[in-house]
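Report on the structure given below.
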Amino acid sequence: MNGRILIVDPLATNRIVLRTRLAAAFYDVAQAASGAEALALLATRSGPELVICADWLADMPGHELIRRLRDRPGLGDLPAIVIQSADDSAARMTALRAGADEVMARPIDWLLLMARLRSLLRARRCDSEPPLREDARKALGLAEDSPAFARPGRVALVPAGAEPDLSTLCRGLQIILPGPVALCAPDTVLRPRAEPPDVYVIAETPTAPGKGLALLSDLRARPSSRDAGMLFLAAPQQRQSAATALDLGACDAMIGPVEVAELALRLERLIARQNASRRLRATVQHGVRAALTDPLTGVFNRRYALPKLERMIDTAARRDAPCAVMLADLDHFKRINDRFGHGAGDAVLVEVARRLSAELRPADLLARHGGEEFLIALPDTGRGEALRIARRLCNAIAGAPFALPGKAGSVGVTISIGVAIGGRGTASTPLLDSADRALYGAKADGRNQALIGTASAA
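The sequence shown maps to residues 0 to 457 in numbering that gives the first Met the number 0.
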């Protein structure tokens, strides 16, 4: 099945016609004759993914049912379409303000309805994982989102050709919306360094249909603009273009003539959705960084480093190039903890990570391997160069004392490094074993030095 849809209509004939059309498109359809019956069905475990309701029900107006949906936990983002018995601009605005995603008038435009269903269900399924990510956010101890501080959205009105003239719409939106609204030519928004707005309003041209769809596809394909909201404007004779736009990724579509108040309302909702998506992406990215980095030093952790090392070795083997691996361990670190406390030890580890990172290239890998031990991997680095770099790292640590927190003064710190060189046929485990043996050798020979070992083939 394509999705579960609930039809809410007091007239059985209307429900039957809708059900027949939707079942032919392989939707799983449930029916209700009243708002109360619909709310009872929506409370079930396998409730619908989308609601289509009439504008007037036996026990409440359709917009009241939508308002109640929006107030119920777990149903606030359930897609909803209101079907009007006749086209009424004021009633349409009432339903949209109540939270309806779309309002259509009878006779139903089946082409647009089916495209809108696909668009809304696709968007809902893309957003179906936030509860899982919310659990992960709480487990990671990440901060709550702050929607109240969302900045006003930026809107770009883009006519696909010389027509239509959007200047009147632009002036009206500039009065209503709090954020900037600009009228832009297609070549302006397609420039490589153009800063994308929060929402593009793309108006199809009546004289050369297809240009707006091409612009929509182009913007959706570009990394800089693919996450932006997009609203498609079409003339009454361009219903097919509007349906195609929804299937190509437009978030919303309007058939002219367009009322500025309705367009502003739809844009406000798109901007709110964009702000929520931006916050979610930032939260997920923050969570990924938290999962892959050491919380104390800020360098990568072992979970990230070992698979990354495998990939670096595989790449080196394919290119028949060397790859150097180092294990660096602080000398007598326990003495620092015992004498100055663990807070001082943590401060030393942070500064060690900073100094090591400052000496390495962007392509090199630095990770906290455990305790006071760091893993370093250097691609395209042979035996002689690796040993020179390792000695430079030793000097970077020993060259200046480490300031301790509070009034504890400073302390000298040294580090010992074991180096191993991998080549074709070398795996990460024997390479790490070789570096570990070399590290023990450096410790046994007096510390504060680097020794190089040999790796066995896998």
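Just so you know, even glycine gets a beta-carbon here, dropped at the ideal spot from N, CA and C. Remember, it's a predicted structure, so these values are computed and weren't measured experimentally.
Excluding the 5 residues preceding and the 5 following residue i in the sequence, name in chain order all residues of the same chain whose CB lies nearer than 8 Å to its CB.
| i | result |
| --- | --- |
| A263 | G171, L172, I175, L176 |
| S166 | L182 |
| K442 | D328, D330, S415 |
| S409 | P400, F401, A402, L403 |
| A147 | Any reading at A147 needs caution, since the residue's pLDDT is 47, under 50, leaving its predicted position unreliable; the model's value is listed next. Nothing meets the Cβ criterion. |
| T19 | none |
| Y439 | G417 |
| D319 | G422, R423 |
| L120 | N1, G2, E48, L49, P78 |
| R436 | G417, G452 |
| W55 | P9, G61, S84 |
| R190 | none |
What residues are listed by DSSP as bridge partners for residue i?
| i | result |
| --- | --- |
| V287 | According to DSSP, which records beta bridges pairwise, V287 is partnered with nothing at all. |
| L450 | G417 |
| V154 | V180, V198 |
| T428 | Answer is none; T428 lacks a bridge partner. |
| M253 | L232 |
| P60 | W55 |
| I80 | I51, E101 |
| R124 | Answer by DSSP bridge pairing: none, since R124 is not bridged. |
| I4 | V28, L49 |
| T292 | F299 |
So, for residue i: in the same chain, excluding its five sequence neighbours on each side, which residues have a beta-carbon less than 6 Å away from its beta-carbon?
| i | result |
| --- | --- |
| A94 | H62, V81, V102 |
| L156 | L165, C169, L182, V200 |
| R14 | I6, D8, Q30 |
| I51 | I6, I80 |
| D251 | L230, R265 |
| S118 | L245 |
Grab me the residues of residue i's own chain with a C-beta within less than 7 Å of its C-beta, minus the 5 sequence neighbours each way, in chain order.
| i | result |
| --- | --- |
| P208 | Q237, S240 |
| A23 | none |
| M113 | A24 |
| G459 | Not covered by the structure: residue 459. The range shown for the chain is 0 to 457. |
Give me the Cβ distance between residue i and residue j, rounded to the nearest whole Å; I'm assuming they're in contact under 8 Å.
| i | j | result |
| --- | --- | --- |
| L291 | N300 | 6 Å |
| A202 | G211 | 6 Å |
| A57 | S33 | 5 Å |
| F332 | G342 | So it is not a contact: roughly 14 Å between Cβ atoms. |
| I396 | R446 | Not confirmed; about 11 Å, so no contact. |
| P47 | R3 | 5 Å |
| L215 | A244 | 6 Å |
| D293 | R367 | 4 Å |
| I270 | G98 | At roughly 16 Å, the Cβ-Cβ gap does not stay under 8 Å, so I270 and G98 are not in contact. |
| L218 | V188 | 7 Å |
| S356 | L365 | 6 Å |
| R67 | L38 | 7 Å |
| L386 | I451 | 5 Å |
| A159 | V198 | No, A159 and V198 are not in contact; Cβ-Cβ is about 16 Å, not under 8 Å. |
| A426 | A389 | With 8 Å as the limit, A426 and A389 do not qualify as a contact, their Cβ atoms being about 21 Å apart. |
Complete runs of the beta strand (DSSP E) confined to the stretch 347–423 [at least 3 residues]: 364–369, 372–378, 414–421
Segments assigned alpha helix (DSSP H), at least 4 residues, entirely inside the stretch 9–51: 11–23, 34–41
Alpha helix (DSSP H) segments (min. 4 residues) lying fully within the stretch 305–334: none
Three-pair Cβ contact test at 8 Å for the stretch 334–342 versus the stretch 262–282: no
Inter-stretch contact (C-beta, 8 Å, three-pair minimum) for the stretch 411–427 and the stretch 377–395: yes
Contact between the stretch 365–380 and the stretch 311–325 (3+ Cβ pairs under 8 Å): yes
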